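Chemist:
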Amino acid sequence: MKKLMLGNEAVARGAYEAGVMVATAYPGTPSTEITENIAKYDDIYAEWSPNEKVALEVAIGASIAGARSICSMKHVGLNVAADPLFTVSYTGVNGGLVIMVADDPGMHSSQNEQDSRFYAMAANVPMLEPADSTECKELVKEAFRISEEFDCPVIVRLTTRIAHSRSIVELGEREDISLREYRKDPGKYVMMPAMARARHVEVEKRMKRLGDFSNQATLNRIEWGNRDIGIITSGIAYQYSREAFKDASFLKLGMVYPIPEDLIREFAAEVETLYVIEELALFLENQVKQLGIKVTGKDVLPVVGELSTGMLKEKLLGQGPEPGCSTEEKVPVRPPVMCPGCPHRGVFYVLKQMKLTVTGDIGCYTLGALPPLGSMDTCVCMGASIGMAHGMEKARGREFASKTVAVIGDSTFIHSGITGLIDIVYNNGTSTVIILDNSITGMTGHQHNPVSGYTIKGEPAKQVDLVKLAQAIGIERVRVVDPYDINEFEKVVKEEVSVDEPSLIISKRPCALLKGVKFEGPLRINKEKCKICRICMRIGCPALVDKGSHIEINETLCGGCGLCTRLCRFDAIEKAGDLNEKC
Amino acid sequence: MKNVNMIIVGVGGQGTLLTSKIIGNAALKESYHVKVSEVHGMSQRGGSVITYVKLGSSVDSPLVEKNEADIIIAFEKLEALRWIEYLKKGGSLVVNDQQINPMPVITGREKYPDNIIEKLRHMCGYEKVIAVDALKIAKELGNTRVVNLVLVGILARLMPFSKEIWLESIKESVPTKYYDVNKKAFEVGFGLM
Numbered sequence: 002m003k004k005l006m007l008g009n010e011a012v013a014r015g016a017y018e019a020g021v022m023v024a025t026a027y028p029g030t031p032s033t034e035i036t037e038n039i040a041k042y043d044d045i046y047a048e049w050s051p052n053e054k055v056a057l058e059v060a061i062g063a064s065i066a067g068a069r070s071i072c073s074m075k076h077v078g079l080n081v082a083a084d085p086l087f088t089v090s091y092t093g094v095n096g097g098l099v100i101m102v103a104d105d106p107g108m109h110s111s112q113n114e115q116d117s118r119f120y121a122m123a124a125n126v127p128m129l130e131p132a133d134s135t136e137c138k139e140l141v142k143e144a145f146r147i148s149e150e151f152d153c154p155v156i157v158r159l160t161t162r163i164a165h166s167r168s169i170v171e172l173g174e175r176e177d178i179s180l181r182e183y184r185k186d187p188g189k190y191v192m193m194p195a196m197a198r199a200r201h202v203e204v205e206k207r208m209k210r211l212g213d214f215s216n217q218a219t220l221n222r223i224e225w226g227n228r229d230i231g232i233i234t235s236g237i238a239y240q241y242s243r244e245a246f247k248d249a250s251f252l253k254l255g256m257v258y259p260i261p262e263d264l265i266r267e268f269a270a271e272v273e274t275l276y277v278i279e280e281l282a283l284f285l286e287n288q289v290k291q292l293g294i295k296v297t298g299k300d301v302l303p304v305v306g307e308l309s310t311g312m313l314k315e316k317l318l319g320q321g322p323e324p325g326c327s328t329e330e331k332v333p334v335r336p337p338v339m340c341p342g343c344p345h346r347g348v349f350y351v352l353k354q355m356k357l358t359v360t361g362d363i364g365c366y367t368l369g370a371l372p373p374l375g376s377m378d379t380c381v382c383m384g385a386s387i388g389m390a391h392g393m394e395k396a397r398g399r400e401f402a403s404k405t406v407a408v409i410g411d412s413t414f415i416h417s418g419i420t421g422l423i424d425i426v427y428n429n430g431t432s433t434v435i436i437l438d439n440s441i442t443g444m445t446g447h448q449h450n451p452v453s454g455y456t457i458k459g460e461p462a463k464q465v466d467l468v469k470l471a472q473a474i475g476i477e478r479v480r481v482v483d484p485y486d487i488n489e490f491e492k493v494v495k496e497e498v499s500v501d502e503p504s505l506i507i508s509k510r511p512c513a514l515l516k517g518v519k520f521e522g523p524l525r526i527n528k529e530k531c532k533i534c535r536i537c538m539r540i541g542c543p544a545l546v547d548k549g550s551h552i553e554i555n556e557t558l559c560g561g562c563g564l565c566t567r568l569c570r571f572d573a574i575e576k577a578g579d580l581n582e583k584c
Numbered sequence: 206m207k208n209v210n211m212i213i214v215g216v217g218g219q220g221t222l223l224t225s226k227i228i229g230n231a232a233l234k235e236s237y238h239v240k241v242s243e244v245h246g247m248s249q250r251g252g253s254v255i256t257y258v259k260l261g262s263s264v265d266s267p268l269v270e271k272n273e274a275d276i277i278i279a280f281e282k283l284e285a286l287r288w289i290e291y292l293k294k295g296g297s298l299v300v301n302d303q304q305i306n307p308m309p310v311i312t313g314r315e316k317y318p319d320n321i322i323e324k325l326r327h328m329c330g331y332e333k334v335i336a337v338d339a340l341k342i343a344k345e346l347g348n349t350r351v352v353n354l355v356l357v358g359i360l361a362r363l364m365p366f367s368k369e370i371w372l373e374s375i376k377e378s379v380p381t382k383y384y385d386v387n388k389k390a391f392e393v394g395f396g397l398m
């Protein structure tokens with residue numbers, strides 16, 4: 002059966018067909034749909050772990066216990082999971098272990114565009130890279146075979162355009178893979194110095210064998226065309242290159258680490274001009290150059306952002322785009338915005354009014370940095386808001402801390418905010434931390450987490466009690482507030498920043514997009530009462546529109562959360578239905 | 206088998222992803238090679254979004270380049286204007302005559318351009334721009350979420366697929382209880398042309 006599948010969905014299918022028994026992940030664009038789709042298979046245990054480090058540790062445990070296991074994350078998640086990664090490279094596996102990592106060139110939904118291929122090199126782990134959905138499925142299955150044959154984890158790297166593109170996939174059957182026998186083997190699995198020294202020797206031998214394998218593997222293939230131009234490429238860059246250079250010869254790599262050195266030499270010797278076409282850093286290019294081979298690549302192509310067929314045509318073939326339709330009109334930008342009814346909106350409005358320094362974090366609420374709310378000072382990585390607020394206090398003193406708050410989502414707090422909060426308590430900080438508890442992991446498209454009370458399969462689970470947790474680590478001031486009640490919210494923030502001890506404010510309101518969240522219906526402006534003071538415009542709600550002469554509410558967008566009515570001093574915002582009834 | 210390149214543009218949350226899924230599945234049923242490239246994550250929160258659909262005998266890159274689109278489906282008219290450079294000469298634009306103000310317009314810093322549809326017609330040729338108030342139609346059908354199916358109905362007239370294939374694909378892509386209203390919306394769009 003053929004199916005049009007998202008790259009991520011095809012990875013999930015590959016895991017299913019490969020007989021995977023355990024799948025773990027922390028959600029992160031562009032990797033989220035891998036595990037969402039795996040969770041649909043009853044034969045596979047799947048979980049959202051609290052963070053990528055835990056996710057990988059669970060997958061390692063499952064592998065050593067004898068099951069084929071897969072762990073998925075976005076590129077920055079691999080930073081979090083790097084600690085276990087570097088050592089599982091030494092222990093090797095029992096059941097096959099595959100780590101999916103999805104890079105985001107162009108930063109469609111990320112805070113950096115790091116190139117995860119360097120992790121393969123640094124951790125001595127082989128890496129595969131598919132170029133479409135069919136390859137996503139097939140390479141995942143191949144990765145499990147390599148993992149078990151070479152006794153090592155295998156990373157499969159995607160990029161946004163592979164993960165989030167749909168192409169045709171032929172479905173296969175699930176392999177009948179049974180649990181491998183579990184054997185206690187401290188020399189292999191207890192990595193203390195004496196054992197690890199011996200394992201490192203094995204790792205180096207393995208990489209040598211993997212280098213030979215790479216030369217022979219069908220994963221790496223030469224597609225001969227015209228020999229004037231030869232192109233070494235992989236992943237989505239292969240697709241762009243294929244489209245831009247119809248007649249050239251290709252060395253298409255499915256295994257990007259270790260590279261097939263002999264095959265590259267053979268290919269290079271046969272072509273006149275050699276290009277390495279890859280997105281982001283000079284990963285393949287530098288390795289090819291180390292073989293003493295002359296290539297053209299990043300001397301012409303950018304290391305920043307995505308490539309495209311058009312860019313290759315322009316920069317390598319000198320063919321500019323033909324003029325088509327075009328406009329001289331100034332088109333206003335459309336940045337992402339918090340949804341109408343979003344519970345974060347009131348929080349950032351209050352923080353802005355109070356002119357606080359706000360250390361921010363990763364999630365929908367990072368949009369609080371954009372105008373008109375514009376009330377976030379920093380955003381670095383998952384959990385950083387809390388440690389950074391503490392660092393600011395230690396650098397600038399208590400007075401500065403009384404004008405600073407850290408803002409972090411519920412899922413992000415569980416991911417890596419807890420340790421920062423413990424640090425504040427332990428090291429006599431006085432920071433105020435606000436957890437935006439919207440009962441879901443929002444930005445990645447509504448995944449459950451340890452605070453939401455459900456598992457990935459929708460089964461009920463114990464909920465982390467944030468209040469008790471804070472009390473247990475030594476925070477005595479914990480407040481729970483409704484962010485729709487902005488007056489109360491402001492009062493609480495004022496009190497908490499002014500006290501000489503750490504405090505936690507839990508801003509509690511479910512995401513407006515969650516099923517079951519209902520408002521009373523659209524609002525409208527009563528033009529007779531409205532004085533056009535524009536105070537309502539300060540909350541940056543997409544349903545409120547400044548028409549110049551008057552303010553309007555877009556009734557299609559407005560759900561009726563009522564935040565704007567709490568700001569209006571003239572009682573000029575009312576239920577849209579009211580006026581109709583009067584008519 | 207002729208290659209067809211298409212982009213679907215709109216505002217995050219308008220239902221562009223379902224549209225591309227329906228088109229992609231219909232293409233698969235008609236035995237085309239097809240690739241669809243989507244946007245997930247942050248831009249889906251009310252930002253400008255673009256989805257690419259390419260079909261033909263063979264497709265490499267999933268992305269459509271500037272001046273390469275045979276068809277643009279725009280869920281919002283400012284977005285049609287933003288992405289119009291992707292339309293090749295002689296290509297068709299299906300545009301939903303709906304205005305959703307972006308934040309710079311909402312805050313009064315910038316102006317929403319006037320007469321966008323007329324400008325687009327001037328740029329691309331009068332007969333190449335099909336404008337429709339799909340939101341109004343959807344409201345009349347009692348579900349504002351079926352705007353996309355009205356547009357798909359219009360698109361169906363521009364594509365070489367049979368109507369049955371479209372309906373099959375819609376049936377497989379929407380929840381069963383919403384099939385009827387989606388089918389109605391498709392029929393209205395189909396009937397407009």
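Chains as they are written, first to last, in this note's numbering: chain A, 2 to 584; chain B, 206 to 398.
Beta carbons are placed, not taken as given, at the ideal position from N, Cα and C, and that holds for glycine.
Since this is a predicted model, take the numbers as computed values, not measurements.
Closest by CA to G403 of chain B, which one among B:M206, B:K388, B:S297?
Modeler: Any question about residue 403 of chain B goes unanswered here, given that chain B covers just 206 to 398.
Chemist: Could you list the residues in the segment 247–262 of chain A with a C-beta less than 7 Å from some C-beta on chain B, going in chain order?
Modeler: none
Chemist: How would you list, in chain order, the residues of chain B whose beta-carbon sits under 7 Å from the beta-carbon of R181 of chain A?
Modeler: For this step, residue 181 of chain A is matched to residue 180 along the first sequence. In chain order: nothing, as chain B lies at least about 36 Å away.
Chemist: Given a limit of 9 Å on CB to CB distance, which residues of the segment 314–325 of chain B reach chain A?
Modeler: Answer set for the segment 314–325 of chain B: R314, E315, K316, Y317, P318, I321, K324, L325.
Chemist: Measure from the C-beta of I441 of chain A to each C-beta in chain B and report whether the shortest distance is under 8 Å.
Modeler: Locating residue 441 of chain A in the first sequence gives position 440, where the first residue counts as 1. No, no contact with chain B.
Chemist: Grouping DSSP H, G and I as helix and E and B as strand, with all else coil, what is P461 of chain A?
Modeler: For the purposes of this step, residue 461 of chain A is taken as residue 460 along the first sequence, with counting starting at 1. Residue state, collapsed to three classes: strand.
Chemist: Any residues in the segment 321–345 of chain A with a beta carbon nearer than 8 Å to a beta carbon of chain B? Which ones, in chain order?
Modeler: P322, E323, P324, G325, C326, S327, T328, E330, K331, V332, P333, V334, R335, P336, P337, V338, M339, C340
Chemist: By the three-class DSSP mapping on this structure, what secondary structure does N210 of chain B have?
Modeler: Locating residue 210 of chain B in the second sequence gives position 5, where the first residue counts as 1. Strand at N210 of chain B.
Chemist: Report all residues from its chain with a CB closer than 7 Å to the CB of D579 of chain A; omit the five preceding and five following residues, and keep chain order.
Modeler: Along the first sequence, one-based indexing puts residue 579 of chain A at 578. Residue confidence is low: D579 of chain A scores 49 on pLDDT, short of 50, so the model does not pin down where it sits. Its coordinate-derived value is still stated next. None.
Chemist: First and last residue of the alpha helix (DSSP H) that includes E369 of chain B?
Modeler: The count along the second sequence starts at 1 and reaches residue 369 of chain B at position 164. That run of the alpha helix (DSSP H) goes 368–378.
Chemist: Within its chain, find whatever has a CB closer than 7 Å to the CB of P337 of chain A; leave out the 5 residues flanking it on each side and keep chain order.
Modeler: Position 336 of the first sequence, counting from 1, holds the residue named residue 337 of chain A. Closer than 7 Å at the Cβ level, and outside the excluded window around P337 of chain A, lie L368.
Chemist: Given a cut-off of 8 Å, decide if V494 of chain A and I506 of chain A are closer than it, judged by their beta-carbon atoms.
Modeler: Within the first sequence, numbered from 1, the residue matching residue 506 of chain A stands at position 505. Within the first sequence, numbered from 1, the residue matching residue 494 of chain A stands at position 493. Yes; because the gap between Cβ atoms is below 8 Å, this pair is in contact.
Chemist: Among A:Q288, A:I435, A:M393, which residue has its Cα nearest to the Cα of R480 of chain A?
Modeler: Locating residue 480 of chain A in the first sequence gives position 479, counting from the first residue. Taking only the C-alpha atoms, the option nearest R480 of chain A is A:I435.
Chemist: With C-beta atoms as the reference, is D275 of chain B less than 8 Å away from K293 of chain B?
Modeler: The count along the second sequence starts at 1 and reaches residue 275 of chain B at position 70. The count along the second sequence starts at 1 and reaches residue 293 of chain B at position 88. Less than 8 Å divides the Cβ of D275 of chain B from the Cβ of K293 of chain B.
Chemist: So, helix, strand or coil for S242 of chain B, using DSSP?
Modeler: Position 37 of the second sequence holds residue 242 of chain B. Here S242 of chain B sits in strand by DSSP.
Chemist: With K138 of chain A and V170 of chain A assumed to form a contact (beta carbons below 8 Å), what rounded beta-carbon distance in angstroms separates them?
Modeler: By 1-based counting over the first sequence, the position of residue 138 of chain A is 137. By 1-based counting over the first sequence, the position of residue 170 of chain A is 169. Correct: roughly 6 Å between the Cβ atoms.
Chemist: For V482 of chain A, go through chain B and note every residue whose CB falls closer than 7 Å to its CB, in chain order.
Modeler: For the purposes of this step, residue 482 of chain A is identified with residue 481 of the first sequence, where counting begins at 1. Residues of chain B passing the Cβ test: none, with the nearest at roughly 24 Å.
Chemist: How is the beta strand (DSSP E) around N301 of chain B delimited, first residue to last?
Modeler: Taking the second sequence and counting its residues from 1, the one referred to as residue 301 of chain B is at position 96. Start and end: 292–301.
Chemist: Assuming the contact rule is C-beta atoms closer than 8 Å, K271 of chain B and E290 of chain B should be a hit. Round their C-beta distance to whole Å, please.
Modeler: Counting from one through the second sequence, the residue named residue 271 of chain B turns up at place 66. Counting from one through the second sequence, the residue named residue 290 of chain B turns up at place 85. Confirmed, about 5 Å.
Chemist: Whose Cβ in chain A lies nearer than 7 Å to the Cβ of D265 of chain B?
Modeler: As a first step, residue 265 of chain B must be located in the second sequence, where it is residue number 60. By Cβ distance, chain A contributes Q240, R243, E244.
Chemist: For a cutoff of 8 Å on Cβ pairs, would you count N272 of chain B as touching chain A?
Modeler: As a working note, residue 272 of chain B is residue 67 in the second sequence. True, the Cβ-Cβ gap to chain A drops below 8 Å.
Chemist: According to DSSP, is E553 of chain A helix, strand or coil?
Modeler: Here the question's residue 553 of chain A lines up with position 552 in the first sequence. In this structure, E553 of chain A counts as strand in the three-state DSSP scheme.
Chemist: Reducing DSSP to helix, strand and coil, say where K583 of chain A ends up.
Modeler: Numbered from 1 along the first sequence, position 582 holds the residue referred to as residue 583 of chain A. At K583 of chain A, the pLDDT of 34 sits below 50, so the modelled position is not reliable; the number obtained from the coordinates is stated separately. When DSSP states are grouped into helix, strand and coil, K583 of chain A belongs to the helix group.
Chemist: Could you say which of A:C569, A:I237, A:E556 lies nearest to A577 of chain A if we only look at CA atoms?
Modeler: For the purposes of this step, residue 577 of chain A is identified with residue 576 of the first sequence, where counting begins at 1. With distances taken between Cα atoms, A577 of chain A lies closest to A:E556.
Chemist: Which residue wins for smallest C-alpha separation from L354 of chain B, given the options B:I212, B:S262, B:I375?
Modeler: As a position in the second sequence, residue 354 of chain B is number 149, starting the count at 1. Comparing Cα-Cα distances from L354 of chain B to each of B:I212, B:S262, B:I375, the minimum goes to B:I375.
Chemist: For a minimum of 4 consecutive residues, which ranges assigned as the alpha helix (DSSP H) are wholly contained in the segment 147–191 of chain A?
Modeler: 161–164, 187–190
Chemist: Counting only Cβ pairs nearer than 9 Å, list the residues of chain B close to D547 of chain A.
Modeler: To locate residue 547 of chain A, count along the first sequence from 1; it is residue 546. What D547 of chain A touches in chain B: N306, V310, I311, T312, G313.
Chemist: Pick helix, strand or coil for T456 of chain A, following the three-state DSSP scheme.
Modeler: For this step, residue 456 of chain A is matched to residue 455 along the first sequence. Three-state DSSP puts T456 of chain A in coil, outside helix and strand.
Chemist: From which residue to which residue does the alpha helix (DSSP H) around F280 of chain B run?
Modeler: What you label residue 280 of chain B is simply residue 75 of the second sequence in a count that begins at 1. Premise fails: F280 of chain B is in no alpha helix (DSSP H) and is neither H nor E.
Chemist: Could you check how far apart the C-beta atoms of V99 of chain A and F151 of chain A are, in whole angstroms? I think they sit under 8 Å.
Modeler: Taking the first residue of the first sequence as 1, we reach residue 99 of chain A at position 98. Taking the first residue of the first sequence as 1, we reach residue 151 of chain A at position 150. With 8 Å as the limit, V99 of chain A and F151 of chain A do not qualify as a contact, their Cβ atoms being about 13 Å apart.
Chemist: What is the rounded straight-line gap between the Cα of T648 of chain A and the Cα of Y190 of chain A?
Modeler: Any property of residue 648 of chain A remains undetermined from this structure, which presents chain A solely from 2 to 584.
Chemist: Using Cβ-Cβ distances below 9 Å, what residues of the segment 159–183 of chain A are close to chain B?
Modeler: T161, R162, I163, A164, H165, S166, R167, S168, I169
Chemist: By how many angstroms is the C-alpha of I232 of chain A removed from the C-alpha of C153 of chain A?
Modeler: Residue mapping note: residue 153 of chain A aligns to position 152 of the first sequence, counting from 1. Residue mapping note: residue 232 of chain A aligns to position 231 of the first sequence, counting from 1. Using only the alpha carbons, I get a separation of about 30 Å.
Chemist: Would F251 of chain A be called buried (16 or more neighbouring beta carbons within 10 Å of its own) or exposed?
Modeler: Start at 1 with the first residue of the first sequence, and residue 251 of chain A comes out as number 250. When all chains shown are included, F251 of chain A counts as buried.
Chemist: Short of 6 Å in beta carbon distance, which residues of its chain neighbour K492 of chain A, apart from the five on each side in sequence? Order them along the chain.
Modeler: Taking the first sequence and counting its residues from 1, one reaches residue 492 of chain A at position 491. Excluding residues up to 5 positions away in sequence, nothing lies with its Cβ nearer than 6 Å to the Cβ of K492 of chain A in the same chain.
Chemist: Could you tell me whether the Cβ atoms of A462 of chain A and G475 of chain A are closer together than 8 Å?
Modeler: Translated into positions along the first sequence, residue 462 of chain A becomes position 461. Translated into positions along the first sequence, residue 475 of chain A becomes position 474. Cβ atoms of A462 of chain A and G475 of chain A: not closer than 8 Å.
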